[in-house]
Amino acid sequence: MLQPKLSVITIVYNNVRDIERTMRSVLNQTYPNIEYIIIDGASTDGTKDIIYKYKSRLGQFISEKDKGIYDAMNKGLKLATGDYVLFMNSGDEIYAPETVTEIFETAPGADIYYGETEMFNDNWQSLGQRRHRAPECFSWRSFKHGMSISHQAIYVKRSLTEPYDLQYKYSSDIDWIIKAAKKASSIVNTQLYVAKYLVGGISKQKHLASLKERFRIFQKYYGFLPNLINHFWIAVNLTQYYVKHKRTND
Numbered sequence: 001m002l003q004p005k006l007s008v009i010t011i012v013y014n015n016v017r018d019i020e021r022t023m024r025s026v027l028n029q030t031y032p033n034i035e036y037i038i039i040d041g042a043s044t045d046g047t048k049d050i051i052y053k054y055k056s057r058l059g060q061f062i063s064e065k066d067k068g069i070y071d072a073m074n075k076g077l078k079l080a081t082g083d084y085v086l087f088m089n090s091g092d093e094i095y096a097p098e099t100v101t102e103i104f105e106t107a108p109g110a111d112i113y114y115g116e117t118e119m120f121n122d123n124w125q126s127l128g129q130r131r132h133r134a135p136e137c138f139s140w141r142s143f144k145h146g147m148s149i150s151h152q153a154i155y156v157k158r159s160l161t162e163p164y165d166l167q168y169k170y171s172s173d174i175d176w177i178i179k180a181a182k183k184a185s186s187i188v189n190t191q192l193y194v195a196k197y198l199v200g201g202i203s204k205q206k207h208l209a210s211l212k213e214r215f216r217i218f219q220k221y222y223g224f225l226p227n228l229i230n231h232f233w234i235a236v237n238l239t240q241y242y243v244k245h246k247r248t249n250d
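Counting with full-length UniProt numbering, you get residues 1 to 250 for the letters of the sequence shown.
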């Protein structure tokens, strides 16, 4: 049986500390049919020197200024030729060398595959599972109580994808996943840990702006009043988790 081609897209800007770790997690996969695309925002800190070490193993590499994280992602999406796409941004990792092989072995030809994420702090120490556990069954309605699947843990058939909406600067990935899920007819929970996530990305650095965007996105899909009620329960659950664990792990 022909193995589907996976386009893995990494976007990076001035992250010399973490880029090689992310790249190695992709390049060391046992799965043979991976196209690796790196979009660099014209880094000046030595990031490009590390990327060049692996240039012969990359499908595409672009280094130029962009208009932000989702503009860079759109560049990667435009270059992708795989049957599926995965965004694995600098600092994050595919969970283990066998992960992609195991994902595609769970079921043939699904529109979307997803799994669980392990969180890591700035010193790459594990913080355990995300506060939002991946739902047993995922649909476009599943995000109503929060983003229950991380962007690094979802493999989407490329034919279902659209460009990221650049009106959203911090939460466009939520909108992107919901759009794809609305079109999907088969969504498979792999029951696997599939990604390692470095906390403290742009949505954390601009937390309030990110929350406002997320509210707007959820309102668009779920309606104003249901969204208001859902956010009340999001706040309650977040508070309970923080009291118990002294961190939010989202």
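We put the beta carbon where it would ideally sit given N, CA and C, even for glycine. Quick caveat: nothing in here was measured; it's all calculated off a predicted structure.
Three-state secondary structure (DSSP) of residue i
i	result
Y70	helix
T10	strand
I149	coil
E93	strand
E213	helix
G76	helix
S203	Note that S203 scores a pLDDT of 46, beneath 50, so its modelled location is shaky; the value from the coordinates is reported in the next line. Here S203 sits in helix by DSSP.
S43	coil
Q29	coil
Q167	coil
K220	helix
K144	helix
L208	helix
R57	helix
T81	coil
Residue i - containing beta strand (DSSP E), residue span
i	result
E35	I34 to D40
S63	Q60 to S63
V194	I187 to L198
F87	Y84 to F87
K157	I154 to K157
Bridge partner(s) assigned by DSSP for residue i
i	result
G128	M119
T112	For clarity, residue 112 is Ile in the given sequence; the question names Thr instead. Beta-bridge pairing links I112 to V156 and I187.
Residue i: first and last residue of the uninterrupted alpha helix (DSSP H) it sits in
i	result
I178	S172 to K183
V16	Looking at the DSSP string, V16 is not in any alpha helix (DSSP H), and its letter there is neither H nor E.
E105	T99 to T106
T161	T161 -> no alpha helix (DSSP H), and no H or E assigned at all.
T47	T47 to K53
Selected residue, minimal CA-CA separation from residue i, among the options
i	options	result
I149	P163, A181, D165 and L160	A181
S159	K65, I51, L77 and V12	L77
P163	Y13, V199, I69 and R24	I69
T106	Q3, G128, Y13 and V12	Q3
Y54	V26, Y13 and L166	V26
Q191	E136, Q29, K65 and K220	E136
D165	N28, Q29 and K67	K67
A80	K5, T101, G128 and M23	K5
F218	I177, K196 and Y197	I177
A195	W140, W124 and D92	D92
F138	Q125, N28, Q29 and K183	K183
N33	F104, Y13, F120 and Q125	F104
N123	V199, Q129, Y222 and K144	V199
N15	S7, Y31, G41 and T30	G41
D52	K65, M23 and Y95	Note that residue 52 corresponds to Tyr in the displayed sequence, not to Asp. Nearest of K65, M23 and Y95 to Y52, Cα basis: M23.
residue 251	K65, N28 and R133	Here the chain has residues from 1 to 250 only, and residue 251 is not among them.
Residue i beta carbon near the ligand MG (any heavy atom closer than 6 Å)
i	result
I103	Annotation note on the ligand MG: not contained in the displayed structure, which lists no ligands.
_At least three beta-carbon pairs within less than 8 Å, the stretch 37-49 to the stretch 8-28_ = Yes, the stretch 37-49 touches the stretch 8-28.
*Decide yes or no for the touch test of the stretch 69-87 against the stretch 177-191: beta carbon pairs closer than 8 Å, at least 3 of them.*
The stretch 69-87 is not in contact with the stretch 177-191.
*Three or more C-beta pairs below 8 Å linking the stretch 59-76 and the stretch 157-176*: Contact holds: three or more Cβ-Cβ distances are below 8 Å.
_I'd like to know if the stretch 105-124 and the stretch 150-161 are in contact, where contact means that at least 3 CB-CB pairs between them fall below 8 Å._
Flag = yes, the stretch 105-124 and the stretch 150-161 touch.
_Three Cβ pairs or more, each shorter than 8 Å: is that satisfied between the stretch 50-63 and the stretch 19-38?_
Touching, yes, given that three or more Cβ pairs across the two stretches are closer than 8 Å.
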